[in-house]
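First the structure, in the form of structure tokens, and then the observations on it.
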Amino acid sequence: MATLTPDVTAAVDASPAPRGGIWSWITTTDHKKIGILYGVTSIFFFLVGGIEALFIRLQLATPNGEVLSADAYNQLFTMHATTMVFLVVMPLAAAFANYFLPLLIGARDVAFPRMNAFSYWFFLAGGIFLTVSFFVGGAPDGGWFGYAPLSTQVGEMVRMDYWALGLLVLGVASIASSVNFITTVLTMRAPGMTLMRMPVFVWMIFVISFLLLFSLPMVTVGLFQVWTDRNLGTLFFDAAGGGDPVLWQHLFWLFGHPEVYVLILPAMGIVSEVLPTFARKPLFGRSFVIFSGIAIGFMGFGVWAHHMFTSGLGPVAEAAFALTTMFIAVPTGVKIFNWLGTIWGGSLRLATPALFSLGFIFLFVIGGLSGVTHSIVPADSQQHDSYYVVAHFHYVLFGGAIFGIFAGIYYWFPKVTGRMMSERLGMWNFWLMFIGMNLTFAPMHVLGLNGMPRRTYRYAEGLGLDLWNLVATVGSFVLAFGVLVFLINAIRSWRRGPEAGPDPWDGRTLEWTTSSPPPVHNFDEIPVVEHEDDFWHRKYATDEEGYAVRVATDDAAAESTGPPEDLHLPSPSFYPALSGLGVLIALLGVVYVPWGLLATAVGGAIMVWGLFGWSLESLVREEH
Amino acid sequence: MFGTDRHHEGQTRANRARRRGRTRLVALLGSLAVVAAACSDTAIPQNSLDPASPQARDIDELWNLVFWIAVVIFVLVEAALIFAVIRYRKRRRDPERPVKQVHGNTRLEILWTIIPTIILAIVAVPTLATIFELREEPSPDENALEINVIGHQWWWEFEYPEYGFTTAQEMYVPTGRTIYLNLTSADVIHSFWTPRLQGKRDAVPGRVNNLTFLAEEEGEYLGQCAEFCGLAHADMRHVVVAVSPEEFDAWAEKHATPPEIPTEGPAAAGYETFQVVCTACHVIDGAAGTPVDRTVPLEDRTEWAYAPNLSYFGERQKFGGWSFDNDPNHLEAWLADPTLLKPMAPELNDLDDGRILGMPNFGLDDTEIQNLIALLEALR
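In the order they appear, the protein sequences are chains A and B.
For the first sequence, this note's numbering gives the first residue as 1, with consecutive numbering after it.
For the second sequence, this note's numbering gives the first residue as 1, with consecutive numbering after it.
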């Protein structure tokens, strides 16, 4: 079992004592602190994106609404989507992956701790960069998908430059994370942890890392082309100049479709950890679940043009993509049966993490079914670009990804903070979100089929769209109230929730073997793994009929023997944060080219200083 | 050890689970009611579930097949979920029950992988058949009427090559005859969608997409642009007006000839104003403005109209992307300041580059406005 051996022989500077305060957060290379940084930042953007959505719903509550101008509306829906996809769901998955991937595989950190920090600071730079646009004349307003030539049409305004450049830098952060996680999984598993013994959540992170690695470059090329069409007079997407607007669609969706699997697989991974724990049974058909995740990883690259069924691809291409899209529903859908099989015959504790996981299943079935109806190309020619699609993806992204993430938050909050969240508030949170979500998005199926297109700042009277729009708006506020309850729960529990102990849920996986929160070095001793769900097997044996029977353990998790003497941990470093600062300044300069080039030069220099400093600093340093 | 039990308050789990089951039943019934309501055609002019053409009907039939299969799967799966949750839940007062550590059941898993695959394969057959059917070009003996649909920001242009004229906002068609649309765009991507008559197809600059439909009955079929195209995307609406073949012939022949321009009164004064202020962008056939060369095939065109052709404006029900009633009040508001009525950005217009983002405010005074209104209403 390979482990990374740092190239040092000198007596090491043991776990750097955290100095506390902001500086320790800025220079951290500890995967757990980085996970918290991702988590808190993403929740902030979740609130921003949510408020944007509430404004949208207020505008659409009545026909010919006058809450927002068309210009404001177009910015808000563009930023709502961009925020939720790139600044919320993806980084929340990264938050959990950062914090828990090493713990789940019995490692002390990821393979490249400073690059890990770099990913976070680049993500933050991208988030700040996109936010700045609101204050300097307007946020991006061309849709999160930026179809050309609309996105390249008005070069003299900078809004869509913020969009293109922001996505570019966010993509860099994700690619760096992907490389990091792939390397960590391949080289840093604890002894005895074969790939098939890895927890399913780790597998899902592994798969999405490949999805991102191979899909991001395609949209990166496209984004560069959008930027040069806007600023340098190129004609990639200009029909009159010989270019092709549909080329953008291909480049975008070649990324965009794998992206949606990036958004959902981590949540599915979380549900695959939570349900077995709360049903007290292993995940039913674990290997199938893992293989279907891998299958989705491959097949996910073969369905992209189902986002383009009305672009005029021609019947042969449409038929081919209809088939591939129908069939990717199979590995996606059978997971539902695996989760059902997990519950079946179990002893299901309906604590909040379990509730959110069950809610995930219920809502994902609906979203998955509406997705399959999209694959029926002629039917899709009515559904596409209508509110039916909005219903579909909110069921899979909110009912799916967000509910799965909330399951993860309630499940892992005790491990991260050492305190339990309130079950009572958790119930309220869940039911308000569940009811609110359905009230908001179920009517949108009807609205779409009744002829309401997407991305419209208002709708006329007399189209029969009034009632369900109003219902959807009411639902969105119920949903918002549920989120508020969550915030209250999280903040109160973090401050004075009851103590959790190392293993509050009688868990199955390795993170529950260490204290809550874990020491900076994660495990006093790297565990030797003999089974999947190794921790469970240390606590329980199975009798001849297959029932779990508690074995006597010497509650090892309760006693911490302290870090081993030869412990080496990554030292803190401020160079990753410095490169993040540099890229932010550089990007702002690029937006305001040509006179902004000065800022680009300065920012670029800072970024290069950061990268060089990082490369050249020693792995082991005096405490400073 | 089981941290959650310490925190449980309130009703017993049994009651809560029962309420959960009931809540879900109510939710299920509620959703079915929603579905039933969606299928009704009262006052939902863009209802794709109320087809008025053979093409829309084919789509609707395919939809029905898939929808009901999905409903059955939904009911079975969700019922299994609810049943499992209720049956296997652990209530706080229940003693700890030993649980069989079942890892899987290969045969079952293979079965539940194969069955959905088969269902999908079955659905694939009519799907593929309908894809190719709807894409067929009309045969010559259908005597299809070709109409060129050109998307602009933010209005639809309808050109009738057989008759040699162009109009906007309202597409008149004869009932019972195949209509073959050639779709393209003068600027960004739009999408032409008239839900009761057909699915949508994108109008993409630089290429020509096609769409076929046949209006079975006389009537008005509303639609709107369905691809985000900028500020006034929501106000880019249209209507397909299906009339009897005789009425259509009369309409088309009239539109193929230039309208009469009044020579007296406010309308005549309006015409003078029109020629000074409006002809940079607008055309009245035979009287004002420079039409584009419509003999160039659509796929080869590089020149596009800047603004709607106003030749028979007086007959139109609505204007401004078919969003505002064609009456003196609305016309007055429009001519006084177009962007107050419809969000546009004419300050970004660049006629040479072909970027037209709306109608500017020409600072017309009241008299000019009233005269123009008189002219426009007289064009019928």
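No residue lacks a Cβ here, since even glycine has one placed at the ideal position from N, Cα and C.
{"query": "For residue 552/A, the first and last residue of its enclosing beta strand (DSSP E)", "result": "That residue, residue 552/A, is in no beta strand (DSSP E); it is neither H nor E in DSSP."}
{"query": "Cβ-based neighbour list, residue 344/B, same chain, cut-off 8 Å, excluding 5 preceding and 5 following", "result": "154, 231, 232, 338, 357, 358, 359"}
{"query": "Residues of its chain near residue 640/A, where Cβ-Cβ distance is below 8 Å and the 5 sequence neighbours each way are ignored", "result": "The requested residue 640/A is not part of the displayed model; chain A covers only 1 to 624."}
{"query": "N-terminal and C-terminal residue of the beta strand (DSSP E) that residue 237/B is part of", "result": "237 to 243"}
{"query": "Residue 400/A at chain B interface by Cβ criterion, 8 Å", "result": "no"}
{"query": "Residues of its chain near residue 423/A, where Cβ-Cβ distance is below 7 Å and the 5 sequence neighbours each way are ignored", "result": "351, 352"}
{"query": "Alpha carbon of residue 452/A to alpha carbon of residue 243/B, nearest angstrom", "result": "25 Å"}
{"query": "Boundaries (first-last residue) of the beta strand (DSSP E) holding residue 219/B", "result": "219 to 225"}
{"query": "Within chain A, the residues that residue 355/B reaches when beta carbons sit closer than 7 Å", "result": "153"}
{"query": "Burial state of residue 108/B, where buried means 16 or more other Cβ atoms lie within 10 Å", "result": "exposed"}
{"query": "Spatially closest choice to residue 143/B from 166/B, 174/B, 129/B, 168/B, by CA coordinates", "result": "174/B"}
{"query": "Residue range of the unbroken beta strand (DSSP E) whose run includes residue 151/A", "result": "Careful: residue 151/A lies outside any beta strand (DSSP E), inside the alpha helix (DSSP H) at 150 to 153."}
{"query": "Chain A within 8 Å of residue 230/B, Cβ atoms only", "result": "yes"}
{"query": "Beta-carbon proximity list for residue 276/B, same chain, < 7 Å, skipping 5 on both sides", "result": "none"}
{"query": "Residues from the region 224 to 247 of chain A in contact with chain B, defined by Cβ distance under 7 Å", "result": "239, 240, 244, 245, 246"}
{"query": "Interfacial residues, the region 94 to 109 of chain B to chain A, with Cβ spacing under 9 Å", "result": "94, 96, 97, 98, 99, 100, 101, 102, 103, 104, 105, 106, 108, 109"}
{"query": "Chain A within 8 Å of residue 282/B, Cβ atoms only", "result": "no"}
{"query": "The region 371 to 385 of chain A touching the region 120 to 128 of chain B, judged by at least three CB pairs closer than 8 Å", "result": "yes"}
{"query": "For residue 459/A, the first and last residue of its enclosing alpha helix (DSSP H)", "result": "Note, residue 459/A: premise wrong, no alpha helix (DSSP H); not H, not E."}
{"query": "Residue 419/A, buried or exposed, once every other Cβ within 10 Å from all chains shown has been counted against 16", "result": "buried"}
{"query": "Beta-carbon proximity of residue 213/B to residue 179/B, cut-off 8 Å", "result": "yes"}
{"query": "Residue 41/B to residue 463/A span [Cα, whole Å]", "result": "Low confidence applies to residue 41/B: its pLDDT is 48, below 50, so where it sits in the model is not reliable enough to give any reading."}
{"query": "Which residues DSSP lists as bridging residue 90/B, in chain order", "result": "349/A"}
{"query": "Under the three-state DSSP convention, the category residue 164/A falls into", "result": "helix"}
{"query": "Contacting residues, own chain, Cβ-Cβ under 8 Å from residue 213/A (five flanking each side not counted)", "result": "175, 178, 179, 182"}
{"query": "Buried versus exposed, by CB contacts within 10 Å (16 or more), residue 282/A", "result": "buried"}
{"query": "Neighbour list for residue 169/B in chain A, Cβ cutoff strictly below 9 Å", "result": "Result: empty, since nearest Cβ-Cβ is about 14 Å, beyond 9 Å."}
{"query": "Whether residue 336/A touches residue 296/A by CB criterion (8 Å)", "result": "no"}
{"query": "Which residues DSSP lists as bridging residue 174/B, in chain order", "result": "243/B"}
{"query": "Local Cβ density within 10 Å of residue 393/A, reported as buried at 16 or more and exposed below that", "result": "buried"}
{"query": "Beta carbon of residue 421/A nearer than 8 Å to that of residue 489/A", "result": "yes"}
{"query": "Coarse secondary structure for residue 385/B, derived from DSSP in three states", "result": "Residue 385/B lies beyond the range of chain B shown here (1 to 380); nothing can be said about it."}
{"query": "Coil, strand or helix - residue 604/A by DSSP", "result": "helix"}
{"query": "Minimum Cβ-Cβ distance from residue 381/A to chain B less than 8 Å", "result": "yes"}
{"query": "Same chain, Cβ closer than 7 Å to residue 199/A, five either side skipped, listed in chain order", "result": "104, 273, 509"}
{"query": "Inter-residue spacing [alpha-carbon to alpha-carbon] between residue 82/A and residue 165/B", "result": "43 Å"}
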